[in-house]
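Worksheet: one structure, shown below.
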Amino acid sequence: MAPPEHEAITMNTPATAPMPATLADLVHRLDQARLTGTREEGDQAATVPTSHYTDPRHWQHEQASLFGQWPIVAAHSSEVPAGSALPFDALGVPIVLTRAADGRARAFFNVCRHRGMALVGADGTEPAKARPCKALVCPYHAWTYELDGRLRHRLHAQTFDGIDPATLNLVELPCDEAGGLIFVKRTPGAAFSAEAFLQGLDTHLHWMGLPRMTVFRKVDRVYPANWKLTVDAFLEGYHIRVLHRDTIYPFFADAYTVNLHAGPHQDSLVARRTAFDAFEPPRDRYELCKLATPTQLVFPNTFLIWHPDYVSLIGMFSPAVDQIRWVHTMLIPPDRTGEDWTAHWEKSFRLIEQTVFQQEDIATAVAIQRGLSCGANTDFHLGRLEHEVLRFHRGIDDAIDGTLAPAGGDPSS
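Here it is, written out as structure tokens:
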């Protein structure tokens with residue numbers, strides 16, 4: 002969802018392959034909604050218990066079943082270049098992402114096998130950035146590990162009698178990469194396929210050029226609201242007319258959204274007013290973003306929002322039942338970097354992050370969380386235009402119950 006000041010700026014999109022059939026079908030459905038004046042609705046209104054936003058036991062189930070077992074987007078691919086290490090702790094455990102010379106993204110517990118010291122630290126004042134390195138060196142006793150996790154060196158190794166160094170490699174975590182995104186599971190276990198996990202969404206991300214994007218700015222902040230309150234807002238266009246009245250609503254049609262489901266994930270097109278003025282089948286990302294704002298939910302907690310000239314990659318993490326850790330990464334086209342573009346991107350980021358997200362979406366979530374404490378509502382009553390919110394909560398319930406599992410558990414499948 003783009004700020005009004007930058008409606009005229011558009012992505013410089015190179016020639017692309019034909020649009021994926023599933024995305025083309027989504028565009029066709031948007032055209033039909035425009036022609037018929039019919040909004041996409043659910044079958045019926047329903048409720049969501051407010052305890053799902055306040056109950057510590059429900060939060061613990063989410064932590065164990067979702068954040069503990071599902072692949073979670075940890076970074077954009079460009080954030081971990083070859084020969085670097087990136088600390089990542091938004092899942093509540095210390096993790097480090099690496100990329101060795103073989104080009105493969107890996108993840109390990111960011112913990113030395115000697116005395117448990119963090120191998121790669123962050124200063125805590127700015128979002129973590131990857132550090133160029135040839136190896137991971139513990140700052141306590143200089144135990145050294147290759148970027149593929151193998152123990153390379155122990156200071157005074159001869160003093161460690163009877164300890165097989167082969168048992169002291171870093172503890173590796175399941176990690177894979179697809180569509181320009183690096184996924185990790187915070188629990189050690191079997192490998193998974195990120196491509197299979199995305200259930201077709203990776204073809205959309207490739208067509209739209211996500212792997213080619215690069216990071217311009219990133220914020221990492223904690224707010225006093227349950228993480229699902231911001232997810233809820235991003236899953237419906239019902240609120241845009243009111244909450245975003247003076248910022249982005251002038252550029253969007255009122256609650257015209259079409260959705261494609263890929264397992265628990267979702268790809269949506271939020272119709273812009275230009276789609277109702279002159280609809281032409283889009284040939285590339287630039288033309289698609291003139292008609293609608295593509296938005297992907299990578300279940301359970303990651304959103305991609307395609308503004309006219311950049312992409313917001315947003316992770317909504319959950320450090321406590323009444324806290325959201327909001328990680329917003331601004332991704333820009335690689336041909337629009339450098340000093341000539343810095344002022345434009347800084348202004349764009351301030352407008353979307355500080356005005357639309359912080360002052361409107363996040364502020365609303367914080368206010369709702371405060372209201373939940375008084376007990377006025379035992380349930381949220383959602384109408385048919387909020388059907389994707391209901392679907393999201395059903396997905397969480399199914400994951401907790403064990404009836405919904407992530408696809409791609411077998412990387413050979």
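Numbered per this note's numbering, the sequence shown finishes at 414, counting up by one with no gaps. Even for Gly, the Cβ is constructed at its ideal location relative to N, Cα and C. Quick caveat: nothing in here was measured; it's all calculated off a predicted structure.
Residue pairing by DSSP places P82 opposite no residue, since no beta bridge is assigned to it.
By the Cβ-count criterion, H394 is buried, with 16 or more other Cβ atoms from all chains shown falling within 10 Å of its own Cβ. According to the DSSP assignment, F393 belongs to no beta strand (DSSP E) but to the alpha helix (DSSP H) extending over 388-402. With respect to the C-alpha of M214, the residue from R107, Y311, P265 having the closest C-alpha is Y311. W228: member of the alpha helix (DSSP H) spanning 228-235, first to last residue. Rounded to the nearest angstrom, the Cβ distance from A91 to R326 is 6 Å, consistent with a contact under 8 Å. Of the candidates E42, D32, S52, D44, S52 places its Cα closest to the Cα of C375. Here I73 is not near L174, since their CB atoms are 8 Å or more apart. The beta carbons of V322 and T55 sit about 6 Å from each other, so the pair counts as a contact at 8 Å. Around the beta carbon of K229, a 10 Å sphere encloses 16 or more other beta carbons of the protein chains shown; the residue is thus reported as buried.
Assignment of beta-bridge partners to L261 by DSSP yields D268. Residue pairing by DSSP puts R218 in a beta bridge opposite M331. Residue pairing of C176 in beta bridges, as defined by DSSP: V185.
Non-local C-beta neighbours of A179 in its own chain, meaning closer than 7 Å and more than five positions away in sequence, comprise A195, E196, L199, D203, ordered along the chain. For E42, the CB contacts under 7 Å within the same chain, skipping 5 residues up- and downstream, are R385, L386, H388 in chain order. Rounded to whole angstroms, the separation of the alpha carbons of G181 and H207 is 8 Å.
Two segments are said to touch when three or more pairs of C-beta atoms, one from each, lie closer than 8 Å; by this definition the stretch 153-163 touches the stretch 133-144.
Going by DSSP, S349 is part of the alpha helix (DSSP H) stretching over 340-351.
Around the CB of V390, 16 or more other CB atoms lie within 10 Å, so the residue is classed as buried. In the structure shown, R58 adopts helical secondary structure according to DSSP, grouped into three states. When C-beta atoms of the stretch 73-87 are compared with those of the stretch 103-117, three or more pairs fall below 8 Å, so the two segments count as touching.
With 16 or more other CB atoms across the displayed protein chains lying within 10 angstroms of its CB, N302 is buried. Per DSSP, F68 is not a residue of any alpha helix (DSSP H), being assigned neither H nor E. With the rule of 3 Cβ pairs closer than 8 Å, the stretch 257-274 does not count as touching the stretch 349-360.
Under a 10 Å Cβ-count criterion, G117 is classified as exposed, with fewer than 16 other Cβ atoms of the shown protein chains found around its own Cβ.
In the structure shown, D323 adopts coil according to DSSP, grouped into three states.
Per the DSSP secondary-structure output, G316 pairs in a beta bridge with T303, V328. With 16 or more other Cβ atoms inside 10 Å of its own Cβ, R273 counts as buried.
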